[in-house]
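For the sequence shown, the numbering used here assigns the number 1375 to the initial residue and increments by one for each residue that follows. All residues carry an ideal CB built from backbone N, CA and C; glycine is no exception. Below: the structure, in structure tokens.
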Amino acid sequence: MKKSVLAILTLGILSIPAFSQNLESQIEKLAKEYGCAGCHAVDKVVAGPPYRIVAKEYKGKPNAKETLVKSVLGGTMMKWQSKARKYGIKIKMAYMPAQHGVTKEQVEKLIDLILKLDTK
Ligand code: HEC
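See the structure below:
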């Protein structure tokens, strides 16, 4: 009994880094598929803010998911100028064009994953 509990705990601990690696590659894969990867990556600035910083900014905020999905589908402008300063990054574009090649469900799925990123 004790042994099996220990085995489960060990497995749990071992799978944490594996899981977070998986999450990042899942996000990069979807971003590529949905046409976001030309402007976004998980950890570096391409043209827009890195997804991990987006997660940091919105995690725990009310309506985080709805806000972000709306931004992606409708586009945003100048929203990240002051946020970028706050995080010490340089955004290379002042706006994100509305993304028409994706469905709301696809964007929701990707935003859910982004908001799960480890931001510590
Ligand atoms: C042509 C470049 C470009 C493409 C393509 C693009 N983005 Fe963006 N994205 C940006 C820029 C630039 C910003 C910051 C805009 C601003 O300051 O208002 C941004 C901001 C965001 C934000 C933060 C919005 C907010 O309200 O704070 C999210 C989330 C995001 N993008 C996700 C996506 C997803 C998902 C896709 C693909 C479906 C995508 N982006 C495609 C350039 C792009």
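In this structure, K1444 is the residue among N1396, G1462, K1444 and M1451 with its C-alpha nearest to the C-alpha of T1477. L1442 places its beta carbon less than 8 Å from that of I1485. Distances taken from the Cβ of Y1461 to the heavy atoms of the ligand HEC include none shorter than 7 Å.
Counting C-beta atoms within 10 angstroms of its own C-beta, H1474 has fewer than 16 neighbours from the protein chains shown and is therefore classed as exposed. Shortest gap from the CB of P1423 to any heavy atom of the ligand HEC: under 7 Å.
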